[in-house]
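Just below is one structure, and these are the notes that go with it.
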Amino acid sequence: MARIISICNQKGGVGKTTTSTNLSAYLAAQGKYVLLVDLDSQANATVGLGVHIAENGSNVYHSLISDLNPSLVIKKTSLFGFDILPAAQSLAGATVELVSMESRELRLKKVLDSLRNNYDYIIIDCPPSLGLLTVNALAASERVVIPVQCEYYALEGLGQLLKTIELVRGGLNADLQVLGVLLTMYDRRNQLSNQVLNEVSKNFPGRVFNAVIPRTVSLAESPSFGKTILQFDPDSKAARAYRQLAEEVIRLN
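According to this note's numbering, the sequence shown is numbered sequentially starting from 1271.
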């Protein structure tokens, strides 16, 4: 039965989608069957994997809101053992529609429970907000990975995220735990990057992944080719970092 992991931080631009797609790719490379759930209406994970859905085409929105069987929506990626439950712009309306629905925080859990026996890991790429979609992701997950960018305001808003995780744990999902904090866009020549590394390690003792994701051109370029870093530049530092992260995730679970 699949372990469900949310990649979550309400701040945009911290590397959530990059981490979701590349962690999934390296879990698949380790022989795991992986489903990536794109829960962001910008659909960057979907497009970045070379999957294109028409604006009104079936996507995760239809499973969440209209109970469409998710197995009819899932697409295969170009990597063996790696599938995606894609997003499209129509997902933007889901937050409003969910408000009036019964068990609105548990809609995604219901969708994913029907798929759990088909995968080893289900990775959820959360939207950059703490709205109903993110609450659905947390309610459906056992673990959370928090990407933190090595920049000046890195820790800003983390308290709010941790509070939300506590609320979800208290009311919707007692099994939810933070698996770890992942440092992204790290530049070892940059003094600020090293300060953030120290600060995060101090605030989350024993909860910071050893894998640190460097800031590299190839990592930024690979989605425009519809590829993961594993396919685009497998010998790069970023590729090695995501391989290490996948190995850590497997070990911790």
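Just so it is clear, CB atoms sit at the ideal spot from N, CA and C, and this is done for glycine as well. A quick note: this is a predicted structure, and the numbers were derived from the prediction, not measured.
A straight line joining the alpha-carbon of residue 1358 with that of residue 1500 spans about 25 Å. Residue 1315 counts as buried, since at least 16 other C-beta atoms from the protein chains shown sit within 10 angstroms of its C-beta. When 1438, 1302 and 1285 are compared, the shortest CA-CA separation from residue 1353 is found for 1302. Taking a 10 Å sphere around the C-beta of residue 1490, we find fewer than 16 other C-beta atoms and assign the residue as exposed.
Nearest neighbour of residue 1351 by Cα position, chosen from 1328, 1389, 1330 and 1287, turns out to be 1389. Here DSSP, grouped into helix, strand and coil, assigns residue 1306 to strand. Between residue 1345 and residue 1321, the gap from beta carbon to beta carbon is short of 8 Å. When only Cα atoms are considered, residue 1397 and residue 1475 end up about 26 Å apart. Non-local C-beta neighbours of residue 1295 in its own chain, meaning closer than 7 Å and more than five positions away in sequence, comprise 1349, 1352, 1498 and 1500, ordered along the chain.
In this structure, residue 1448 sits away from residue 1479, with a CB-CB distance that is not shorter than 8 Å. Looking at the DSSP output, residue 1414 sits in a beta bridge with 1276 and 1448.
DSSP places residue 1484 within a strand segment (E or B) once states are collapsed to three. Secondary structure remark: continuous alpha helix (DSSP H) runs of at least 4 residues inside the stretch 1287 to 1375, in chain order: 1314 to 1318, 1330 to 1336 and 1364 to 1369. With respect to the 8 Å criterion, residue 1416 and residue 1402 are not classified as neighbours on the basis of their beta carbons.
Your pair residue 1340 and residue 1384 checks out as a contact, with CB atoms roughly 6 Å apart and the cut at 8 Å. Cβ neighbours of residue 1426 within its own chain (closer than 8 Å, five residues either side excluded): 1281. Annotation: the continuous beta strand (DSSP E) that includes residue 1395 extends over 1391 to 1395.
Residue environment for residue 1382: buried (at least 16 other C-beta atoms within 10 angstroms of its C-beta).
DSSP, read as helix, strand or coil, puts residue 1495 in helix.
Residue 1309 and residue 1330 have their C-alpha atoms some 7 Å from each other. Listed in chain order, the alpha helix (DSSP H) runs fully inside the stretch 1448 to 1480 are 1461 to 1473, counting runs of at least 4 residues.
Between residue 1457 and residue 1485, the gap from beta carbon to beta carbon is short of 8 Å. The Cβ-Cβ distance between residue 1386 and residue 1272 falls below 8 Å.
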